[in-house]
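Residue numbers (the working numbering), protein chains in the order written: chain A, 7 to 629; chain B, 5 to 129. Comments concern the structure below.
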Amino acid sequence: MNEFVEQFLIECRELVEQGTHDLLALEERPGDRERLDGAFRAFHTLKGAAGIVDFEAMATALHAAEDVLSAARAGSVAVTPGLIGDCLSCLDQVVQWLDAMEVTGEPPPDAATAAAALVQRFGRAPAVQEAPAAQEAPSGDLGVVAAELLGAQLALLDDTSSEPSAGRTGSALKVAANVLRHAGRETDAVRLEEMLARPEALPHPRAAAAAIAGVLSGRLELAEGPSPAHRETAEPVARGLRIDIERVDALVNLTAELTVAKNALAHAAARARAGEDVAGLLRDQHAVLDRLVGELQAAVLNIRVLPMRQVFQRFPRLVREMVVSLGKPAHLLTDGEGVEADKAIVEALFEPLLHVIRNAVDHGIEDPAAREAAGKPPGATVRLSAARHGEHVIIEVADDGRGIDVERVRQKALEQGVAAPEALAAMSPAEVVELIFAPGFSTAAQVTGLSGRGVGMDAVRTAVERLGGRVDVASRAGEGTTVRFTLPFTVMMSRVMTVESAGQMFGIPLEAIVETIRLPGEAVSGIGAARAFVLRDRTLPLIDLAQLLGEGEASDLTAEITVVVVSAAGQLGGLRVDRLGERMDVMLKPMEGLLAGAFGMAGTTLMGDGRVLIVLDLQELLQ
Amino acid sequence: MAFKILIVDDSKLARMAVAKVLNTLRPEWARVEATDAAEAMALIRQNDIDITLLDFNMPGRDGLELAADLKMIRPEMPVAVISANVQREVVTRAGEAGAAFLPKPLTESALAAFLDEAEQRVGKA
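What follows is the structure, encoded as structure tokens:
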């Protein structure tokens, strides 16, 4: 990618962010001259940037938006929600173009159609002096947020990582139907609800997905220009990556230092040949190499990073559309857009964040009257922030709404049989709140709008755990709810303990290991073909690694055995191994090619002696 | 004769684009860059800048205001205001501030014409 395109992408993302902020502030205070000027300048500079990289379609679309904003500055056009919506759609289109260019390095070839649609939209804008009302979703068109929400349900149904559950299918259909009703698509809503009519005969997730996809594709024919749903199917996986020159320089410098270290080792080898004692020298050289390799790993990982801006910048506009459709004043504050994380993580964050933010707006936030009664400002605030804490990236979505109603969750959990009555009674409020992550859990009584509190929260947890992170929720009655994702900065670095089974070495992620124990063979009992053992009054499944991975015979259970007790996704289990190895830091390489779907394997890494270490995927093994 | 030219634009991409054209037309010239009016004023006070290219649209003081300021402190220095909006008002005001007007994106021929003329003026001064 040439340096102009690189700089273009950097600047345009900043300009989109700035323009979005100005437009949203302008919507709250239509008379704010400074914001209007700021928005105008952002569009103007974007147009200029498009001209520099010869992206004519983008320049044309922005020119149309700029004309409208220019007319607004001159006072000949009123700043209406419709005008702001059009401008935001234009920025959304720009983001889609930028995403495409990120991959190919060139302006997308099909941009002219979308640009023409935008120009047409702006062409009519000055004439439309509509009252500040929600004219966002004409009945034929679903609107972007509705399409995004339907897309999210599709993704949920498409999730093959876990067993299809009736609860999940049902909730996805329910949400989709609600979305459609909101969008004024009563017929489609009813059609989806018919699939829900007989709870004992819920459709297969694939059938449900097909029904939702049908509605979405219907939208594609009606909508002007490309839609997010369209983008999701057409989006090529980004293989390209823009890298700061400083980061490449850091690698070059490290390479030079490594060469020096190598030469020092050659010197030590020569002295050893001459019969000298080089133990001290070798120890020093090892320390140097240890430091350099550590730095090299860090430098390599730094190459794979993206700023959170990439995912955060889609939300201000989405929240605005949720606000319009729900009639609850709220605004989104974002912070930490510049915080970086591994590309794979940043790119996978959109859907879980959409779930959480949607829940916050739909259910966390009270309606204006209730807020006023509680002494809060009528307009709610949702804060989306990112921060780096050591090796972790913390993402938080905090609302200042009513907080999670602990008693209602307890009640619902009881009704839905999520936990036993006595267990529920003994749970602390924090433990009860955790139940919102249980599969299929929903406080259905609260379903009013686009979602039910709890819908998708298990999907959120699954998505975040897949990235090696975890989700916590903190809630204070009357003060609000904070959902926090704790994610690794990188997906590739893992601390593992090696174990040996049937002559094969395996790595177990250290964070999953609870303890290692030795058990007498008779402590293991058989339950059907499966085996289990009792540890401190809990019965845990025992997995024989060698047998499971087809490496050997069912092992002899007369002798004492070594068991590694592990925990993943809330499940405990024991892995029977022949021998315990050592701890090490490894750079995990995801399984590729034929092995990509291999059961129970998270990835591989090369060990010091050249052997391949298979790192286990415990979540899969314990399922 | 090699001159020192100042490029003022808050967009790095735009400065890169100007620099690219300059590199073709006057590779031997020294280039200095500023991101806003304040930085530009500071550079002009400290350095012997011969020619200045200004972006019209900048946060804070815009290019026309800066051009007017420059006319006060360095009346002899050739200045061009670059803007993507070829509006009569902008062109007229640039003229009033004694600055040339160049359309954006900057073309080689437009910049060449301005530089030829500027070179003559600076050479005579």
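Backbone N, C-alpha and C define an ideal beta-carbon position, used for all residues, glycine too.
{"query": "State the CB to CB distance for the pair A:V621 and A:A604, rounded to an integer number of angstroms; the pair is presumed to be in contact (CB under 8 Å).", "result": "Contact doesn't hold; Cβ gap of about 11 Å is too wide."}
{"query": "Can you name, in chain order, every residue of its own chain whose Cβ lies under 8 Å from the Cβ of A:A293, other than the five neighbours on each side?", "result": "none"}
{"query": "Please list the residues of the segment 11 to 44 of chain B that have a C-beta atom closer than 7 Å to any C-beta atom in chain A, keeping them in chain order.", "result": "S15, K16, L17, A18, M20, A21"}
{"query": "Run down chain A in chain order and give the residues with a C-beta less than 8 Å from the C-beta of B:K108.", "result": "G54, G57"}
{"query": "What did DSSP end up calling A:R459 once you bin it into helix, strand or coil?", "result": "Per-residue confidence for A:R459 stands at a pLDDT of 41, beneath the threshold of 50, marking its modelled position as unreliable; no derived number is given."}
{"query": "Could you confirm whether any beta carbon from chain A is found closer than 8 Å to the beta carbon of B:A98?", "result": "no"}
{"query": "Whole angstroms is fine: what's the gap from B:A6's alpha carbon to B:R30's?", "result": "8 Å"}
{"query": "Report, in whole angstroms, the separation of the C-beta atoms of A:A483 and A:A552, which I expect to be a contact under 8 Å.", "result": "Contact doesn't hold; Cβ gap of about 52 Å is too wide."}
{"query": "Fully enclosed by the segment 484 to 570 of chain A, which alpha helix (DSSP H) runs are 4 residues long or longer?", "result": "551 to 554"}
{"query": "Answer with yes or no whether the minimum CB distance from B:A88 to chain A is below 8 Å.", "result": "yes"}
{"query": "Give the residues of chain C in contact with A:E588, contact being defined as C-beta atoms less than 9 Å apart.", "result": "In the structure shown, chain C cannot be found, because the protein chains are A and B."}
{"query": "What number of angstroms, rounded off, separates the C-alpha of B:L10 from the C-alpha of B:Q124?", "result": "17 Å"}
{"query": "Relative to the C-alpha of B:E100, which residue among B:A88, B:P109, B:A114, B:V83 is closest?", "result": "B:V83"}
{"query": "Residue range of the beta strand (DSSP E) that A:I442 falls in?", "result": "Taken as a continuous stretch (DSSP letters only), A:I442 belongs to no beta strand (DSSP E), as it is neither H nor E."}
{"query": "A:V505 and A:G587 look like a contact to me (Cβ under 8 Å); what is the Cβ gap, rounded to whole Å?", "result": "6 Å"}
{"query": "Could you tell me the boundaries of the beta strand (DSSP E) in which B:P107 lies?", "result": "104 to 107"}
{"query": "Distance check for A:V345 and B:L110, CA to CA, integer angstroms please.", "result": "35 Å"}
{"query": "Is any beta-carbon of chain B found at less than 8 Å from that of A:I27?", "result": "Residue identity differs from the one stated: residue 27 of chain A is His in this sequence, not Ile. Taking Cβ atoms only, chain B never reaches closer than 8 Å to A:H27, which makes this a no."}
{"query": "Ends of the alpha helix (DSSP H) at B:I9?", "result": "B:I9 -> not in any alpha helix (DSSP H); beta strand (DSSP E) instead, spanning 8 to 12."}
{"query": "For B:R49 and A:V311, I'd like the C-alpha separation in whole angstroms.", "result": "41 Å"}
{"query": "Taking 8 Å as the cut-off, decide whether the C-beta atoms of B:V36 and B:K16 are in contact.", "result": "no"}
{"query": "Hey, B:A41 and B:L70 are a contact pair by Cβ (cut 8 Å); roughly how many whole angstroms apart?", "result": "4 Å"}
{"query": "Let me check one thing: in DSSP terms, what residues is A:E402 bridge-paired to?", "result": "A:S391, A:R490"}
{"query": "As a quick exercise: from B:S113, B:K108, B:F118, pick the residue whose alpha carbon is nearest that of A:T51.", "result": "B:K108"}
{"query": "Between B:N51, B:K75, B:M45, B:D14, which has its C-alpha nearest B:D59's C-alpha?", "result": "B:D14"}
{"query": "Below 8 Å on the Cβ atoms is my guess for A:A45 versus A:D28; work out the distance and round it to an integer in Å.", "result": "4 Å"}
{"query": "Going by beta-carbon coordinates alone, are A:M328 and A:V367 separated by less than 8 Å?", "result": "yes"}
{"query": "Just to confirm, is the Cβ distance from A:A65 to A:L21 under 8 Å?", "result": "no"}
{"query": "Name the residue from A:R277, A:N308, A:D550, A:E72 whose alpha carbon lies nearest to the alpha carbon of A:I251.", "result": "A:N308"}
{"query": "Just to confirm my understanding: we take A:F356, look at its own chain, exclude 5 residues before and 5 after, and list those with CB closer than 6 Å. What are they?", "result": "V317"}
{"query": "Between the beta-carbon of A:L124 and the beta-carbon of A:A70, is there less than 8 Å?", "result": "yes"}
{"query": "If you draw a straight line from the C-alpha of A:R39 to the C-alpha of A:E62, how long is it?", "result": "29 Å"}
{"query": "Apart from the five residues on each side of it in sequence, which residues of its chain come closer than 8 Å, Cβ to Cβ, to B:F118?", "result": "P82, A84, A104, L106"}
{"query": "Taking the C-alpha atoms as reference points, what is the distance between A:Q159 and A:Q303?", "result": "38 Å"}
{"query": "Can you tell me where the beta strand (DSSP E) holding B:D59 begins and where it ends?", "result": "55 to 59"}
{"query": "Could you check the C-alpha separation between A:D478 and A:V330 for me, to the nearest Å?", "result": "29 Å"}
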